[in-house]
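Numbering (my numbering), first residue to last: 1 to 541.
Okay, here's the thing in structure tokens:
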């Protein structure tokens, strides 16, 4: 019964992702359609391609936040199914009415509502719920402010001032993304995409100035911005696919984890098929002597019974606690007969290449059960409610993060975190979710296109470029922070920001206020519907 229920949840989740695709299709194509850059058919194909392309760009930061909205150790599969059904119902209803509500908040509200109905309010993880609640307000504000700034820069008639502003924005954005890449686990490809997106504007403006120069006309400039909209809409579609697919991936992973916990406890008969095995990676978050937030992500390898592990830019021998590599460099004088070095030589790996050496070690995979963290391979307890198990075979690697009693050190704010990554889940989960949102986008969402593209404010090609670019930058950065931000809220705020550069009266506030009410109601209504569905399903359970 439980296995069949898990399969049903996966099917419903994929269905929700499909609905999410055509429900939120308007977010990425509304302005490009309203400015007649692309026909509706061309626009949905264009958006769908980049929705799916996000598979190679994004990780699971947002998915982890959604999956950890509630304590997975005290819920069951009926809770997850109820939340999904409620979210799907609300999405379909708002799509039918043409209201651009948030699929993200619908899903979180449904998940939380069903969990509360099952186990009370204590099941909620307030830290994880606070993020999306805050960004109900912050997402449109951030998108609006960025859009406002980009629009003011773009309409600047002085070429050199415009160029200087874009160069400064590009350098600042890339620098800040690079500076926080370790804290937020930002992929290098994401930094490249942000840099290329903004640099493209700089390059195109330079070429346009050199080719057209003083012969510039409003028509020529309008055609330029229509071409740029292809780039900006592609970027926003990429962000939409990455941000929204992760939420469904998080729900599916949560269901697989709940099912596996049931099997381990003996509450569910049978085994967990390899295609449904989801594990997590462990990391210790702490503050170093300089007050900077750092993360210890253990990767371990055993070579001829000798264990080594990675700690930041070091590779350390566990038995001797001596560094083999430090600051990504092989330490002079290390015994050349060290089993790890012998392994590298055998595999023809350059000893001076730290990254390749580190890849020979395996990330520690774990699973959580209530407040305990277990080694997925040996089933040993690693941490039991913030205390390190001294009998754990790799306990030494955590020594500097715990006190003499084995408790996580409070002076460095040490905290154990577990998270699902693309490498700890079956590949079909991520691939399937990105594919479904792409197919959903192909199905379109013309009711919401009308609201987003014409009713909030009249959008020109220039303004379409600015709003989509601002929306894409917001999605790229906030998603990497693990915040399940709403693509609907983001693009709406960006469009409002564009309208505000003309005058505040250019924004149709009557329509905007109606949208805000829909957003405010999304989480509580979804939670209530999920609770009702859970109680109904409980009768037949």
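Glycine included, every Cβ here is placed at the ideal spot set by N, Cα and C.
Given this structure, state the Cα-to-Cα distance separating residue i from residue j, to the nearest angstrom.
i           : j           : result
residue 523 : residue 109 : 4 Å
residue 392 : residue 378 : 10 Å
residue 350 : residue 383 : 36 Å
residue 491 : residue 143 : 7 Å
residue 240 : residue 539 : 38 Å
residue 453 : residue 33  : With a pLDDT of 48 at residue 453, under the threshold of 50, the predicted position of this residue should be treated as unreliable, though the coordinate-derived value follows. Spanning the two alpha carbons is a distance of roughly 8 Å.
residue 315 : residue 46  : 45 Å
residue 188 : residue 181 : 8 Å
residue 131 : residue 483 : 6 Å
residue 247 : residue 136 : 16 Å
residue 536 : residue 140 : 36 Å
residue 304 : residue 339 : 6 Å
residue 106 : residue 525 : 8 Å
residue 152 : residue 501 : 7 Å
residue 558 : residue 396 : Absent from the model: residue 558. The displayed extent of the chain is 1 to 541, so no value can be given.
residue 457 : residue 201 : Residue placement at residue 457 is poorly supported in this model, since its pLDDT is 49, which falls under 50; the coordinates are not used for a value here.
residue 418 : residue 398 : 15 Å
residue 253 : residue 222 : 46 Å
residue 129 : residue 22  : 26 Å
residue 97  : residue 532 : 22 Å
residue 267 : residue 438 : 37 Å
residue 409 : residue 289 : 13 Å
residue 155 : residue 196 : 21 Å
residue 356 : residue 329 : 12 Å
residue 8   : residue 436 : 16 Å
residue 369 : residue 264 : 10 Å
residue 184 : residue 224 : 35 Å
Who pairs with residue i in a beta bridge, going by DSSP?
i           : result
residue 387 : 384 and 407
residue 124 : 70
residue 236 : According to DSSP, residue 236 bridges with nothing at all.
residue 301 : 308
residue 283 : 417
residue 365 : 281
residue 316 : 309 and 323
residue 329 : 326
residue 45  : Residue 45 pairs with nothing; no bridge assigned.
residue 295 : 285
residue 375 : 366
residue 402 : 408
For residue i, does the count of other Cβ atoms within 10 angstroms reach 16, so buried, or fall short, so exposed?
i           : result
residue 261 : buried
residue 301 : buried
residue 198 : buried
residue 423 : exposed
residue 59  : buried
residue 327 : exposed
residue 465 : buried
residue 560 : The question about residue 560 has no answer, for the chain in this structure spans 1 to 541.
residue 147 : buried
residue 160 : exposed
residue 28  : buried
residue 298 : buried
residue 530 : buried
residue 162 : buried
residue 79  : buried
residue 17  : buried
residue 13  : buried
residue 175 : exposed
residue 428 : exposed
residue 346 : exposed
residue 479 : buried
residue 463 : buried
residue 403 : exposed
Check the C-beta distance from residue i over to residue j and give it rounded, since I have them as a contact under 8 Å.
i           : j           : result
residue 468 : residue 236 : 5 Å
residue 287 : residue 412 : 5 Å
residue 193 : residue 57  : 7 Å
residue 67  : residue 242 : Not quite, the Cβ-Cβ distance comes to about 16 Å (not below 8 Å), so this is no contact.
residue 24  : residue 487 : 6 Å
residue 527 : residue 270 : So it is not a contact: roughly 32 Å between Cβ atoms.
With respect to 7 Å, is the separation between the Cβ of residue i and the closest non-hydrogen atom of the ligand ADP below this value?
i          : result
residue 30 : This structure simply doesn't include the ligand ADP, nor any ligand for that matter.
Query raised in the report: Quick check: the segment 40 to 54 against the segment 476 to 496, are there 3 or more CB pairs under 8 Å?
Result: no
Query raised in the report: Between the segment 115 to 130 and the segment 71 to 89, are three or more C-beta pairs nearer than 8 Å?
Result: yes
Query raised in the report: When the Cβ atoms of the segment 86 to 102 are set against those of the segment 270 to 280, are three or more pairs found closer than 8 Å?
Result: no
**Report entry** Three or more C-beta pairs below 8 Å linking the segment 31 to 45 and the segment 220 to 233
**Finding:** yes
Report task. Mind the definition here: the segment 327 to 338 touches the segment 289 to 298 only if three or more C-beta pairs lie below 8 Å; say whether that holds. Result -> no
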